[in-house]
Amino acid sequence: MRLVTKALVLNRFEVGESDLLVVLLSPKWGRFAVMAKGARRSKRRFVNALEPFTVFRAHIRGNRPGLIPFLDQIDPLEYWEPLRQDPYRFVLASYATELTEAFARPQVGGNLFPLLCGFFDLLCQGGPPDLLKPALEIKLLCLSGFAPELSRCVRCQRPRPLRGFSLEEGGGVCGYCLRESDTSISPQVLSLLKTLEKYPLSKLERICVPKDRLKIGSSLLENFLVRILGHDLKSLRIWKEIKGGEIGEQT
Amino acid sequence: MSKVFPKVLERVVQNLARLPGLGEKSATRLALFLLGQPKEETQELAHSLLELVEKVRLCKRCFNFAEGEWCRFCLDPERNKSQICIVEDPAALSAIEESKAYKGLYHVLHGLLSPRDGLGPREIKIEALLERLEREPVEEILIALSPTVAGEATAAYLVECLKPYSVKVTRIACGIPMGMDIRYADQLTLKRALEARQRL
C-alpha cells in the first residue's frame, strides 16, 4: 500500500551501512518512523531533503502492523534556508525539533506540525528568539495535554492570587498553599506566561517584556519541561552555551 | 552464538561483532577466515592493530591523525603555511588531499555543530583553531565543510568567530556535480549554483 503525506524530519538514526531510520512529523499522522533504505548512499532520491528544516512530500510504502514502513521517495516542498546559515537560529530550531519529538507521541501530534512550521517561519523572518522560545514551549505543553494551571491555585483549586509555581503539580500556587519547594513567581511573570500561552506566535513581536522577567519565565518553563520529560534536552544546553555571548548576533 | 567454538574463538567473534556494520554471522565468517589464513598474515593483522592504538594519535597542531607529535602535512616544508583548510574529520581531509588541488595546511574539527547530539562549539576544535591563528602567519582560512544543515551552520559559526582576525575567509563552492544532468538537480543546489556563478 502506498501513502503520500507532507512531513518534516524530527530525527534520524543510522542503521547498518547505508540505511536511515527517520522520525517524521506530519499533519496527518503526527510522529511516526520510516525506514529509508539506502538513504546514506542515494544521490537522487533523498539528496538535500532528508535533513532537518525541510518540508517534503513523503511517498511511503507498506503499513503492515508491527513493521516500519519504507520511505520510497521525497519531493522537497519548502526549505527554511536561513536556519542553515545562522548558527544561533540553527541551535534554537534544533531545540524546537528535539522538544517537539519529545512531546509528540507515536502516531499522535499532527497538530504540532503547524506549530513547528510557524516557529521556523518566524525564526527565518527574524522573529525575537527570546520570546519565540518560551512561547513555543508553553504552546507545546498545552497541545500535548501538559498545560500548566495558571488561573487558580493548583493545590486548593481556589482562584486566589498566585505567588509561586509547583513543578511537581504543574501549576501556580496561592500564598496560603505556598511551600518551600515551590518556585516563587511574581504576578508579572505569571501574566507573561498567560500571554505567551494565549497569543499566536505571529503576534509575539508586538509584546514588550523586560529582559529579567522574560529570563525568569523562560527558566521556569525549562525546569517544568525537564521535570515532565524526566531527562535533560541536549540541545537546550548547547543553546544556553551559544547564547551565553559567544556570538554577537542576538536578539 | 554456537557453543561448539572454543572460548578463544568466541571471544574473537564477540569483538569483531562490535565493529560497525558487522553482525554475529559476519563476525563468525571473518573469524573463521582468519583461522584459515597463514599464521604470519593473521599475526601481521594483529600487530598492525596493536600499532594502530599505540602509535596513532592526533597531531598537536591540526588534529589530523599522526604517528608522532605532528602529522605529515604539518611536517612537510613544501606546504603553504599561510593557508589553513578546515575539515570535519580525517576522512574529509583525505578526500581533499586526493583532489591534489590544495597545498596548504589543515585543521580537523572532529565534528560539526549538532545540538541534538550534544555537540556545541566547545566539543569541536574551534578554540584550538583560534589559538593557531594567534601564533601562526595565516592569510587564508578555507572552510571545506559539507553543505549539509550541520555543515552550513558550523561554517556560519566559524565565520562569526573569525571576524576579529585579519584573515581572508573562503568556502569551497557549492553547485552542480560534474557529469550531472541539470534537470535532475534539486532546487536548493540549483539556487546555490546560480548564486555562485562565475564570469568566464
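Protein sequences appear in the order of chains R and U.
Mapping the first sequence onto this note's numbering, position 197 (from 1) lands on 197, and the numbers just tick up by one.
In short: position in the second sequence from 1, add 251, done, that's this note's numbering.
C-beta: ideal position from N, C-alpha, C; glycine also.
- Neighbours of residue 86 of chain R in chain U, taken as residues at a C-beta separation under 7 Å, are given in chain order as 407.
- Counted as a single uninterrupted DSSP element, the stretch harbouring residue 7 of chain R is not any alpha helix (DSSP H) but the beta strand (DSSP E) occupying residues 2-15.
- Sixteen is the threshold: since fewer than 16 other Cβ atoms of the shown chains lie within 10 Å of the Cβ of residue 75 of chain R, the residue is exposed.
- If you keep only unbroken beta strand (DSSP E) runs of at least 3 residues inside the segment 116-187 of chain R, you get 162-166 and 171-174.
- Residue pairing for residue 336 of chain U: DSSP places it in a beta bridge opposite U/357 and U/393.
- For the set U/376, U/306 and U/281, the Cα lying nearest the Cα of residue 340 of chain U is the one of U/376.
- Less than 7 Å separates the beta-carbon of residue 316 of chain U from that of residue 307 of chain U.
- Here residue 238 of chain R is not near residue 355 of chain U, since their CB atoms are 7 Å or more apart.
- Interface flag for residue 222 of chain R against chain U is unset, since no Cβ pair is found closer than 7 Å.
- Relative to the Cα of residue 105 of chain R, the nearest Cα in the group R/138, R/136, R/92 and R/146 belongs to R/146.
- Among the CB atoms of chain U, one or more fall inside 7 Å of the CB of residue 238 of chain R.
- With respect to chain R, the C-beta atom of residue 367 of chain U has a partner C-beta closer than 7 Å.
- Residue 425 of chain U places its beta carbon less than 7 Å from that of residue 443 of chain U.
- Residues of chain R with a Cβ closer than 9 Å to the Cβ of residue 420 of chain U do not exist; the shortest Cβ-Cβ separation is about 14 Å.
- Considered as a whole, the segment 24-98 of chain R harbours 82-85 as its complete alpha helix (DSSP H) runs of no fewer than 4 residues, in chain order.
- CA-CA distance, residue 242 of chain R to residue 92 of chain R, rounds to 10 Å.
- Residue pairing by DSSP places residue 345 of chain U opposite no residue, since no beta bridge is assigned to it.
- At a cut-off of 7 Å between beta carbons, residue 234 of chain R contacts chain U.
- Taking a Cβ-Cβ cut-off of 7 Å, the neighbours of residue 438 of chain U in chain R comprise 76, given in sequence order.
- The C-alpha of residue 26 of chain R lies about 35 Å from the C-alpha of residue 423 of chain U.
- The criterion of a C-beta distance shorter than 7 Å is not satisfied by residue 79 of chain R and residue 236 of chain R.
- 7 Å or more divides the Cβ of residue 114 of chain R from the Cβ of residue 221 of chain R.
- Within its own chain, the residues whose Cβ lies closer than 6 Å to the Cβ of residue 233 of chain R, once the five positions on either side in sequence are excluded, are 98, listed in chain order.
- Looking only at R/155, R/56 and R/166, the smallest Cα-Cα distance to residue 225 of chain R is reached by R/166.
- Residues 362 of the same chain have their beta carbon placed closer than 8 Å to that of residue 374 of chain U, with the five preceding and five following residues left out of the count.
- Here residue 154 of chain R really is in contact with residue 170 of chain R; their C-beta atoms are around 7 Å apart, less than 8 Å.
- A direct Cα-to-Cα measurement between residue 11 of chain R and residue 164 of chain R gives close to 36 Å.
- Not one beta carbon of chain R lies nearer than 7 Å to the beta carbon of residue 426 of chain U.
- The Cβ of residue 404 of chain U sits closer than 7 Å to at least one Cβ of chain R.
- Boundaries of the alpha helix (DSSP H) around residue 386 of chain U: 377-386.
- Look at residue 420 of chain U here: in three-state DSSP terms it is strand.
- Contact annotation for residue 371 of chain U against chain R: 91, 237, 238, 241 and 242 [CB-CB distance below 8 Å, chain order].
- For the segment 53-68 of chain R, the beta-carbon criterion of a distance under 8 Å to any beta-carbon of chain U is satisfied by 53.
- The three-state secondary structure of residue 255 of chain U, taken from DSSP, is coil.
- Residues of chain R with a Cβ closer than 7 Å to the Cβ of residue 399 of chain U are, in chain order, 51.
- At a cut-off of 7 Å between C-beta atoms, residue 272 of chain U counts as an interface residue with respect to chain R.
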